[in-house]
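K.L.:
One structure, as structure tokens, below. Some questions next.
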Amino acid sequence: MKNRRLDKENPLFEAKLKQLTNLIERYTDREGLQSSSIPSLDFIRSSSKLELLHSIYTPSLCVIVQGAKVVMLGTDSYRYDKNSYLVASVQLPITGQIIEASSATPYLSLRLGFSSDQILDIIKETKQVPIKNQNSPRGLIVNETNLSLLDALLRLVSLLETPKDIPVLAPLFIREILYRILQDDQGYVVKQFAMIGSHAQAISSAINLINKDFSKSLSIDELAKSINMSTSSLHHHFKKVTAMSPLQYQKQVRLQEARRLLLSETLEAADAAFQVGYESPSQFSREYARMFGLPPISDIKRLKNSVYVNF
1 MKNRRLDKEN
11 PLFEAKLKQL
21 TNLIERYTDR
31 EGLQSSSIPS
41 LDFIRSSSKL
51 ELLHSIYTPS
61 LCVIVQGAKV
71 VMLGTDSYRY
81 DKNSYLVASV
91 QLPITGQIIE
101 ASSATPYLSL
111 RLGFSSDQIL
121 DIIKETKQVP
131 IKNQNSPRGL
141 IVNETNLSLL
151 DALLRLVSLL
161 ETPKDIPVLA
171 PLFIREILYR
181 ILQDDQGYVV
191 KQFAMIGSHA
201 QAISSAINLI
211 NKDFSKSLSI
221 DELAKSINMS
231 TSSLHHHFKK
241 VTAMSPLQYQ
251 KQVRLQEARR
261 LLLSETLEAA
271 DAAFQVGYES
281 PSQFSREYAR
291 MFGLPPISDI
301 KRLKNSVYVN
311 F
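Quick note, the sequence shown lines up with residues 1 to 311 if you use UniProt numbering.
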């Protein structure tokens, strides 16, 4: 922790953060999520505090350079800002809210996606043999940003200034960024989800199976069998990782997909309900209203008449 404080007190830290902020601002010409020419790197910009936003986080590193945000996973709440970063190790349904943003100083952040194969490759290259912790960790962590990580991020984003260098140098810089995360004091958490044989990796497989066929009826017994776990172990470790049960997880994924369909396509609520796996439109409407605050049609009308940004 002492070294982290020294990083924050180092004028170089603030200078590099300012450089990164200026670069991201230069490459975000509109509100919301914007992709970049570097594969797996996206930027987010918002000039105002927004309502609660529901989204699915894929495995990724999220770094704020200006502003602050609160994200919720189940009943857990995580706040992070320009001095910290967030890592989602598995696919998770998240509720988030930007709490610091203005037109003068917009919320700015980056999101770098990664895969378990990338993490495993670094573990093998560094010849690390992490302990397979059988007490599954949360799939979401927040850690303080350090100078080494910030420097690597700045070099990656700076490649946007020289596009010809991206194919060769971006993979190297991304590898360094992931290496820095794994070396951090919560890096062991990220490693667990890539280590074959750990409970965390088994739950990651279960999460992938649910997302692959979320519209189908979920059999907990079959899901447990597919990852070589007992039903009770599946429930225990799944809740440790996601802060919810498998059925609650599936419900959130279904409802978020239904909302996306209603916003992007001209569908009736009943049609969206059937597409995501509901057999009863009335049950769908009740659960939708419970999650989003309004029944489907009213919610979509409100969103279309407001500034809705999907992150």
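Beta carbons are placed, not taken as given, at the ideal position from N, Cα and C, and that holds for glycine.
Of the choices Ser245, Val90 and Lys127, whose alpha-carbon is the least far from that of Asn208?
P.N.:
The candidate whose alpha carbon is nearest that of Asn208 is Val90.
K.L.:
Any beta carbon from chain D within less than 7 Å of Leu50's own beta carbon?
P.N.:
No chain D appears in this structure, which consists of one protein chain only.
K.L.:
Going by the CB atoms, is the gap between Leu263 and Ala272 shorter than 7 Å?
P.N.:
No, the Cβ-Cβ distance between Ala272 and Leu263 is not below 7 Å.
K.L.:
Let me confirm a value: Thr162 is counted as buried when at least 16 other C-beta atoms fall within 10 Å, else exposed. Which label applies?
P.N.:
Exposed is the call here.
K.L.:
So if DSSP puts Asp42 in a beta bridge, which residue, or which two residues, is it bridged to?
P.N.:
Ser35 and Arg111.
K.L.:
Quick check: what's the CA-CA separation for Glu100 versus Glu257?
P.N.:
About 28 Å.
K.L.:
Taking the alpha helix (DSSP H) that Ala170 falls in, what are its first and last residues?
P.N.:
Ala170 -> alpha helix (DSSP H) spans Ile166 to Gln183.
K.L.:
How is Ala152 classed by DSSP in three states: helix, strand or coil?
P.N.:
Ala152: helix per DSSP, three-state reduction.
K.L.:
Looking only at its own chain, which residues have a Cβ that is under 6 Å from the Cβ of Met1, when we skip the five neighbours before and after it?
P.N.:
Because the pLDDT of Met1 is 45, which lies under 50, any placement of that residue in the model is unreliable, and the question is left without a value.
K.L.:
Using the C-alpha atoms, what's the distance from Pro171 back to Tyr288?
P.N.:
The straight-line gap from Cα to Cα measures roughly 41 Å.
K.L.:
Alpha carbon to alpha carbon, how far is Pro281 from Lys212?
P.N.:
Answer to the nearest angstrom: the Cα atoms are 23 Å apart.
K.L.:
Within a Cβ cutoff of 6 Å, which residues of the same chain sit near Arg30, ignoring the five residues on either side of it in sequence?
P.N.:
Excluding residues within five positions, none has a Cβ falling inside 6 Å.
K.L.:
For Ser102, which option in Leu153, Lys49 and Gly96 has the closest C-alpha, if you only look at C-alpha atoms?
P.N.:
Nearest of Leu153, Lys49 and Gly96 to Ser102, Cα basis: Lys49.
K.L.:
Can you name the residues that DSSP bridges to Asp76?
P.N.:
In the DSSP output, where bridge partners are listed per residue, Asp76 has Leu73.
K.L.:
Which whole-angstrom value describes the C-beta separation of Gln66 and Pro106, a residue pair presumed to lie in contact below a C-beta threshold of 8 Å?
P.N.:
Confirmed, about 7 Å.
K.L.:
Excluding five sequence neighbours on each side, which residues of the same chain lie with their C-beta closer than 6 Å to the C-beta of Tyr57?
P.N.:
The answer, listed in chain order, is Ala88, Leu92 and Ile94.
K.L.:
According to DSSP, is Tyr27 part of a helix, a strand, or is it coil?
P.N.:
In the structure shown, Tyr27 sits in coil (DSSP, three-state: anything other than H, G, I, E or B).
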